[in-house]
Amino acid sequence: MSEERKLPTVEPRLQGEPEAAQEPSVPAWRLWSTLAIAGALAGFAIVFVYQWANPKIVAHQAMVIHSAAQEVLKQPDHMQTLYVEGDHLSPQAPAGVDTLQADRVFLGYDGNDRPIGFAVLGEEPGFQDIIQLIFGYDPRTKQVLGMSVLDSKETPGLGDRITSDSAFIKGFAGALGPIKGVKEGSGTGDKHEVDMITGATISSTAVIRIINDRIEAVGPMLEAYMSQQAASGGPEPAQAGRQSGALTSSRAGLRLLRSGSKGSKGGDR
Amino acid sequence: MKETTPREDLVRGIWKENPVLIQLLGLCPSLAVTNTVENAIAMAAATFFVLVGSSTLVSSLKSLIPNEVRISAYILIIATFVTMADFFLNAVAPDIHKALGAFIPLIVVNCIILGRQEAFAAKHGVGRSILDAVGTGIGFTIAMLLMGTMREVLGSGSFLGHPLFGPHYQGWLVFVLPPGGFFAIGFYLLFFSWWRKRGEQPGIRQWPHGVAAQKRRIA
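Order-wise, the sequence lines are chains V and C.
With the first letter of the first sequence counted as 1, position 204 gets the number 209 in my numbering; the numbers rise by one all the way through.
With the first letter of the second sequence counted as 1, position 86 gets the number 89 in my numbering; the numbers rise by one all the way through.
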């Protein structure tokens, strides 16, 4: 146990009293070197922990997206990752682009290698912050297959019901795009209508807007890819890599949560 | 400064100088992330880790750190532990990490931690500093648990996610929202202030140390 250490104190100086010449008690090089060494050691410690933690973090993100894609595509047999490249989809990531940074969708297949639909990621501002979601979409019928919110910071008890209100979430399954949000219980039975959540109108509207924007942005590409597949009699062997487990690879999910449409920033209430 | 015993170093932060309930320090996380008990425990655990780790390192290295750059060095040490805690939580409990959001990195600027380094760890040995940090960490944990319990029980009708009042309980939403944090801390401050005043009255032994009663006996 060491004894109490005295820290320097500042003596009060009277007005007009000349400032006493103060020599630094420690040479400047020692101050610099202390902070430099401390910074270097801190850096080493952080890198060490980062290397341990990062694979686990990325694997978890990939698992979250994988299970959400499975959910919105109603448990497909396997999935294929396709990258948005200009105005078409490609099984390979665009040259020179980090696969984690690329905009992408997931095509789900049933047990007979027949395509079920695409899982599409999207993100735009909600009431408080960016809402990130994934939805299933069949471009042949223009039908939304399901929706799941991946991340949102909407108001607890109100806006955050977009993640938990089962009636709202189930309302998307079978709805036709573009979706139109209607006040709860006031729908006309139109297949484009989805009931919004009372008390969470802006958050509900944001979810609908994200889906519609993404359908508008990638819908034609999805449709073209599906038609091309139907004409060629199924996925090319090189492309049809069964990726039911591929999304769990350590690098797969890092950028997925951010690869979506980028809407205007700021709240809308 | 009055000399203290190791036991006093440990228990001081738990009750008599509780960082939140008595010193009103660290109120930002206490108000922000205590809407559930789970979040409160996670934040308290992360703060406890940073506090004990920083106090250990600061008290070990105090003779090597020049006084002129001591605050910068302390912040560097604290920030390192906070970053490690941040990565660890994100890897091990990603859902809790997401719920705590920016408040994990903000532990760096928690005045409880820097305060203990400057006021205690920089002047005492490693063992005493660890005891002080553990005591303060326990005190912070108690305060976070009290806040989290009140807000989750009243706001969501559950404790640690387990429903307490059946399916028909309508949660008191304000306690889940930020204003609920202010109501809860206000209630606790009022209660503990009343408790301390009560302990100072003749004939009432103050819990847990009996300090007031002891002083009166000596007098």
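A virtual CB, placed ideally from N, CA and C, is assigned to each residue, including glycine.
> If we ignore side chains and look at the alpha-carbon of each, how far apart do Leu28 of chain C and Val40 of chain C end up?
Replying inline: 20 Å
> Checking contacts by CB at 8 Å: is Gly113 of chain V closer than that to chain C?
Replying inline: no
> Should the region 129 to 140 of chain C be called in touch with the region 57 to 77 of chain C, which here means at least 3 C-beta pairs below 8 Å?
Replying inline: yes
>> 8 Å is my cut-off, CB to CB: does Leu87 of chain V come that close to chain C?
In response: no
>> Quick check on the DSSP output: what are the complete beta strand (DSSP E) runs of length 3 or more inside the region 140 to 217 of chain V, in order along the chain?
In response: 148 to 156, 185 to 187, 198 to 200
>> Ala178 of chain V and Leu150 of chain V - do their beta-carbons sit closer together than 8 Å?
In response: yes
> To which residues of the same chain is Gly186 of chain V closer than 7 Å at the C-beta, ignoring the five residues directly before and after it?
Replying inline: Val199, Met201, Ser209, Thr210, Ile213
> Counting pairs of Cβ atoms below 8 Å between the region 136 to 144 of chain C and the region 10 to 22 of chain C, do you hit three or more?
Replying inline: yes
> In whole angstroms, what is the alpha-carbon distance linking Lys19 of chain C and Arg199 of chain C?
Replying inline: 10 Å
>> Along the chain, where does the beta strand (DSSP E) containing Thr39 of chain C start, and where does it finish?
In response: Premise fails: Thr39 of chain C is in no beta strand (DSSP E) and is neither H nor E.
>> One question on the structure: do Ile136 of chain V and Val110 of chain V come within less than 8 Å of each other, judged by their Cβ atoms?
In response: no
>> Using a Cβ-Cβ distance cut-off of 8 Å, determine whether Val77 of chain V contacts chain C.
In response: no
> For Ala96 of chain C, which three-state DSSP category applies?
Replying inline: coil
> Under the rule that 16 or more other beta-carbon atoms within 10 Å means buried, what is Asn21 of chain C, buried or exposed?
Replying inline: buried
>> Quick check on this structure: which residue in C:Thr144, C:Pro182, C:Met147, C:Val95 has the alpha carbon closest to the alpha carbon of Gly158 of chain C?
In response: C:Pro182
> List, in order along the chain, the chain V residues whose C-beta lies closer than 8 Å to that of Leu79 of chain C?
Replying inline: Leu40, Ala43, Gly44, Ala47
>> I'd like to know whether the C-beta of Met153 of chain C is nearer than 8 Å to at least one C-beta of chain V.
In response: no
> Listing by chain order, which chain C residues have their CB less than 8 Å from the CB of Tyr55 of chain V?
Replying inline: Phe90
>> Can you tell me where the beta strand (DSSP E) holding Glu127 of chain V begins and where it ends?
In response: For clarity, residue 127 of chain V is Gly in the given sequence; the question names Glu instead. Its beta strand (DSSP E) spans residues 120 to 130.
>> Just list the residues that DSSP pairs Ile135 of chain V with in beta bridges.
In response: V:Pro130
> Under the three-state reduction of DSSP, which class applies to Val31 of chain V: helix, strand or coil?
Replying inline: coil
> Buried or exposed: which applies to Pro166 of chain C, given that a residue is buried once 16 or more other Cβ atoms fall within 10 Å of its Cβ?
Replying inline: exposed
> Mind checking Thr203 of chain V: buried by the 16 CB within 10 Å criterion, or exposed?
Replying inline: exposed
> Do Pro32 of chain C and Phe106 of chain C come within 8 Å of each other at the CB atom, strictly closer than that value?
Replying inline: yes
> Do Ile215 of chain V and Gly127 of chain V have their CB atoms nearer than 8 Å?
Replying inline: yes
>> Taking 8 Å as the threshold (beta carbon to beta carbon), is Ile135 of chain V in contact with chain C?
In response: no
> Using a C-beta to C-beta distance shorter than 7 Å, which residues of chain V count as neighbours of Pro69 of chain C?
Replying inline: Val31, Arg35, Leu36, Thr39
> Per DSSP, what kind of secondary structure is Gln85 of chain V in: helix, strand or coil?
Replying inline: strand
> Just to confirm, are Ser66 of chain C and Val129 of chain C a CB contact at a threshold of 8 Å?
Replying inline: no
> For Val69 of chain V, which of C:Pro9, C:Lys101, C:Met46 has the nearest alpha-carbon?
Replying inline: C:Lys101
>> Mapping the DSSP letters down to three states, classify Thr253 of chain V as helix, strand or coil.
In response: Per-residue confidence for Thr253 of chain V stands at a pLDDT of 35, beneath the threshold of 50, marking its modelled position as unreliable; no derived number is given.
>> Tell me which residues share the same chain as Met46 of chain C and place their Cβ nearer than 7 Å to its Cβ, disregarding the 5 neighbours each side in the sequence.
In response: Pro32, Val36, Leu103, Phe106, Met147
> Just the Cα atoms here: how many angstroms apart are Gly184 of chain C and Gly162 of chain V?
Replying inline: 15 Å
>> Counting only Cβ pairs nearer than 8 Å, list the residues of chain V close to Met87 of chain C.
In response: Ala50, Ile51, Val54
> Can you list, in chain order, the residues of the region 161 to 180 of chain V whose Cβ is nearer than 7 Å to any Cβ on chain C?
Replying inline: Pro161, Gly162
> What three-state label does DSSP hand Val23 of chain C in the structure shown?
Replying inline: coil
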